[in-house]
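>
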Amino acid sequence: MALEVYRQKRNFGSTPEPKGRKARRSGSSFVVQKHDAIRLHYDFRMEMDGVLKSWAVTKSPSFIPGEKRLAVHVEDHPLEYGDFEGTIPKGEYGGGTVILWDRGTWAPIGDADRGYAKGHLDFEINGEKLGERWHLVLTAGKPRQKRENWLLIKGDDEAARSEDAPDILEERPESVLTGREIKDVEGEEPVWSSKTGRIRKKARATTKATSEQEERQAATNVPDAARIKGAMAALLPDFVEPALATLVSSAPAGERWLHEIKSDGYRLQARIEAGRVKLLTRSGRDWTKKFGKTLVSALQALPVGTALIDGEIVVETSSGASDFSALQTASSEGRSDRFRFYVFDLLHLDGYDLRSLPLTPKPARRTVELTHPDRLYWPDEGVTKEGLADYYAEIWRFTAPHIVGRPLALVRCPNGIAGEQFFQKHAWKGLNPNIVLVNDPKEPPDEQLLSIRDLDGLAALVQSAVLEIHPWGSTIADWERPDTIIMDLDPGQDVPFEAVSGAALETADRLKGAGLEPFVKTSGGKGLHVVAPFKPKAEWPAVKAFTKSIADAMASDSPHRFVSTITKSKGHGKILVDHLRNQRGATAVAAYSTRARPGAGVSMTLSWDELAPGIGPAYFTVENTPTRFASLSTDPWRDFHAAAVPLPEPKSRRRKAS
Numbered sequence: 236m237a238l239e240v241y242r243q244k245r246n247f248g249s250t251p252e253p254k255g256r257k258a259r260r261s262g263s264s265f266v267v268q269k270h271d272a273i274r275l276h277y278d279f280r281m282e283m284d285g286v287l288k289s290w291a292v293t294k295s296p297s298f299i300p301g302e303k304r305l306a307v308h309v310e311d312h313p314l315e316y317g318d319f320e321g322t323i324p325k326g327e328y329g330g331g332t333v334i335l336w337d338r339g340t341w342a343p344i345g346d347a348d349r350g351y352a353k354g355h356l357d358f359e360i361n362g363e364k365l366g367e368r369w370h371l372v373l374t375a376g377k378p379r380q381k382r383e384n385w386l387l388i389k390g391d392d393e394a395a396r397s398e399d400a401p402d403i404l405e406e407r408p409e410s411v412l413t414g415r416e417i418k419d420v421e422g423e424e425p426v427w428s429s430k431t432g433r434i435r436k437k438a439r440a441t442t443k444a445t446s447e448q449e450e451r452q453a454a455t456n457v458p459d460a461a462r463i464k465g466a467m468a469a470l471l472p473d474f475v476e477p478a479l480a481t482l483v484s485s486a487p488a489g490e491r492w493l494h495e496i497k498s499d500g501y502r503l504q505a506r507i508e509a510g511r512v513k514l515l516t517r518s519g520r521d522w523t524k525k526f527g528k529t530l531v532s533a534l535q536a537l538p539v540g541t542a543l544i545d546g547e548i549v550v551e552t553s554s555g556a557s558d559f560s561a562l563q564t565a566s567s568e569g570r571s572d573r574f575r576f577y578v579f580d581l582l583h584l585d586g587y588d589l590r591s592l593p594l595t596p597k598p599a600r601r602t603v604e605l606t607h608p609d610r611l612y613w614p615d616e617g618v619t620k621e622g623l624a625d626y627y628a629e630i631w632r633f634t635a636p637h638i639v640g641r642p643l644a645l646v647r648c649p650n651g652i653a654g655e656q657f658f659q660k661h662a663w664k665g666l667n668p669n670i671v672l673v674n675d676p677k678e679p680p681d682e683q684l685l686s687i688r689d690l691d692g693l694a695a696l697v698q699s700a701v702l703e704i705h706p707w708g709s710t711i712a713d714w715e716r717p718d719t720i721i722m723d724l725d726p727g728q729d730v731p732f733e734a735v736s737g738a739a740l741e742t743a744d745r746l747k748g749a750g751l752e753p754f755v756k757t758s759g760g761k762g763l764h765v766v767a768p769f770k771p772k773a774e775w776p777a778v779k780a781f782t783k784s785i786a787d788a789m790a791s792d793s794p795h796r797f798v799s800t801i802t803k804s805k806g807h808g809k810i811l812v813d814h815l816r817n818q819r820g821a822t823a824v825a826a827y828s829t830r831a832r833p834g835a836g837v838s839m840t841l842s843w844d845e846l847a848p849g850i851g852p853a854y855f856t857v858e859n860t861p862t863r864f865a866s867l868s869t870d871p872w873r874d875f876h877a878a879a880v881p882l883p884e885p886k887s888r889r890r891k892a893s
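In my numbering, the protein residues as written are 236 to 893.
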């Protein structure tokens, strides 16, 4: 169909707008536009062959599996039509009101071209409202029927709903672009004509709605911090001592200097973490309450997970100049509506330190939106998808260094821990684009592994029902040379936790004796992990040999306490010192990852003096972990990566005399 029919309905001789052309690139976008014309319907559009293939769906897409909705195949639309929202003049083709009800990406199940030609498209959607598996099926044509009638049908999956479930149309009637509903757009001047395309408006004052739309678009179009050259993965600091101005007799000359206006206000650092905002003075004092809720709310609305922003709060006079006395007066009178916060620099964003970048505008972005946020992942504990996302946002700065930029193996539980579980190393259908596919140099190109770059990636894992995260001991930047050792202490039956703690201390002593700095964490199950960082210089065989020598030595010296091979680990009262996590392709549960088991336990980092009977290996959970970190003065693993040294050679052991 291409764009011929689309062009026939429009008179482009009277407008400078482009006719729309078939895009050269191959994309996978989809949109649903709620269209109140002669009758209300939903225009379902999917990018194929450089255009938007389009169907007019009566009523709406249904989330009930097997329920058929008539989808009339209409003319192809240009890709630029996909962000259209507004009104079409009455009397023209499609005259009425349009909002962008949903958008995202789609992925075919099987060959899309063949399915479209045969009239049976199976596909998965990753949208802000629609998700998982859908079908478009062409019905048998009737004589003299001018258009193709298809059926849009929801697949039976975790995104499906029962007949008595809440209606998505009532839950989410708003535009994903502007947040407006149909009634909010109806009174606007027409902005799209079926005859001329997009209508140019005469220059005039920007309306509030247009301004809000532009702000939202700006927030979603900025680049990912993880892709910025020079950005370094790092924990969000509690506070960064600001650089202060120096009084000089004249301004420096030269093209490399940037000049900015000196504001007469309070220097503030805005620290944002999981929706919580702190306003810190230049000496680090918390003045959040001093400036009321207006500024805090504005900062909470920013499309970031974590950030550290350097700026100055001022009150301006009618002339636009900042006035310190007016600032003091407004503060004492509680006039938070008068405050303005001028930003100097974005120091940190979603797990990345940006201070080494040039002082030019630095970006922000939004995080992944969850569908079905109330879906229960741990039913007995009441932990939902949204609850898990909130947990990871809280501890992102702690877990990021251990999971970002590494190959990951994942445990997915689409129906929570009570349902089927999948151990996943490769992509699945409809993979969220924030989950990165990486090529293992020793595997075929079509067997890509999974990784994440940022908090968006972690949120995408939560959206995909990932309840356990297991990283490699090496990064995707250096596949063959690991930088982490994990000694997994797995107790047999009837082994008390005190004995496991003793085993951890002994393992730590042996690693210290080899020159390494050991750290400890719970496994989230019944054991402990003793973990040591080292410089990524030795390759996998050497690392495996070193850890095997530690495990074998413990089993040889204390055979009544330890075994070092899985075949011998079935005996009661002994602890398996498992070194096999330290070979290429092997993984272990990440620090702070949840476990797909009853209790909603997490793998928790500890200080060595916390190894006490009152803790236990499964003591820490999604529920109590944020409280733990709120009470800690410092992260027990704060110096983990700084403690890395080269891996020593394994020591050969002499056999005991018989």
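Using N, Cα and C, we set each Cβ at its ideal position, and we do this for glycine too.
For M467, which residues does DSSP report across the bridge?
Answer is D588.
> May I have the straight-line CA-CA distance separating F265 from I638, to the nearest angstrom?
If I take the Cα positions, the gap works out to 31 Å.
> Name the two residues that bound the continuous beta strand (DSSP E) containing A542.
Per DSSP, A542 belongs to the beta strand (DSSP E) from T541 to V550.
> Could you pull out every residue in the same chain whose Cβ sits closer than 8 Å to the Cβ of E703, ignoring the five residues on either side in sequence?
Correct list, in chain order: L645, V646, V824, S828, T829, R830 and A831.
> Per the DSSP calculation, F658 is bridged to which residue(s)?
DSSP, once it has assigned bridges, lists V646 as partnering F658.
> Going by alpha carbons, who is nearest to G329 out of D271, T800 and C648?
Cα-wise, what sits closest to G329 is D271.
> Under the three-state reduction of DSSP, which class applies to E327: helix, strand or coil?
Here E327 sits in coil by DSSP.
> T869 to F875, Cα distance in whole Å?
Spanning the two alpha carbons is a distance of roughly 13 Å.
> Ordered along the chain, which non-local residues of its own chain (more than five positions away) have a Cβ less than 6 Å from that of D744?
If we look at D744 and ignore the five residues flanking it on each side, it has no Cβ neighbours.
> Between the beta-carbon of E320 and the beta-carbon of V420, is there less than 9 Å?
Yes, they are a contact pair.
> At 4 residues or longer, what runs of the alpha helix (DSSP H) sit wholly inside the stretch 795-862?
DSSP runs (the alpha helix (DSSP H)) wholly in the stretch 795-862: none.
> For T710, name the three-state secondary structure that DSSP assigns.
Looking at T710 - three-state DSSP - the assignment turns out to be strand.
> DSSP puts M722 in a beta bridge; with which residues?
V765, per the DSSP bridge assignment.
> Using 8 Å for Cβ pairs, my map puts D337 next to V267. What's the rounded Cβ distance?
Going by Cβ atoms, the distance from D337 to V267 rounds to 4 Å, so yes, they are a contact pair.
> Would I273 be called buried (16 or more neighbouring beta carbons within 10 Å of its own) or exposed?
It is exposed - the Cβ of I273 has fewer than 16 other Cβ atoms within 10 Å.
> Which of the three DSSP states is assigned to A444 in this structure?
The pLDDT assigned to A444 is 41, lower than 50, so where the model puts this residue is not dependable; a value taken from the coordinates is nonetheless given after this. Here A444 sits in helix by DSSP.
> Within a Cβ cutoff of 8 Å, which residues of the same chain sit near F579, ignoring the five residues on either side of it in sequence?
These residues qualify, in order along the chain: E495, D545, G546 and E547.
> If distances are taken between C-alpha atoms only, which option among V755, T293, G262 and G285 comes closest to L275?
When each option's Cα is compared against that of L275, the closest is T293.
> Which residues mark the beginning and the end of the beta strand (DSSP E) in which R901 is found?
Residue 901 falls outside the range modelled here, since the chain spans only 236 to 893, and no answer is possible.
> So if DSSP puts I670 in a beta bridge, which residue, or which two residues, is it bridged to?
In DSSP, I670 forms a bridge with I687.
> Locate the beta strand (DSSP E) running through H355, then write down its first and last residues.
Looking at the DSSP string, the run of the beta strand (DSSP E) that includes H355 is H355 to G362.
> Buried or exposed, going by whether 16 or more other CB atoms sit within 10 Å of the CB of K756?
With 16 or more other Cβ atoms within 10 Å, it is buried.
> Nearest by alpha-carbon distance to R816: which of G836, P861 and V765 is it?
Ranking G836, P861 and V765 by Cα distance to R816 puts V765 first.
> Taking all protein chains shown into account, decide if E405 is buried (16 or more other Cβ within 10 angstroms of its Cβ) or exposed.
By the 10 Å Cβ count, E405 comes out exposed.
> Given D392, which residues of its chain have a CB within under 7 Å of its CB, disregarding the five upstream and five downstream residues?
Hits under 7 Å: E367 and R368.
> Count the other C-beta atoms from every protein chain shown that fall within 10 angstroms of the C-beta of R641, then say buried if there are 16 or more, exposed otherwise.
Flag for R641 reads buried.
> Take K664 as the anchor and find which of W341, P296 and K325 has the nearest alpha-carbon.
Checking every option, the nearest Cα to that of K664 belongs to W341.
> Let's test the definition: count the other Cβ atoms within 10 Å of the Cβ of P614 and tell me whether it reaches 16, buried, or not, exposed.
When all chains shown are included, P614 counts as exposed.
> What three-state label does DSSP hand F754 in the structure shown?
DSSP places F754 in strand when its eight states are reduced to three.
> Helix, strand or coil for W336, going by three-state DSSP, please let me know.
Note: W336 maps to strand in three-state DSSP.
> Under 9 Å, do V618 and V812 count as touching if we go by C-beta distance?
No.
> Checking the sheet assignment: what are the DSSP bridge partners for S343?
In the sequence as presented, Ser is not what sits at residue 343; that position holds Pro. Beta-bridge pairing links P343 to F358.
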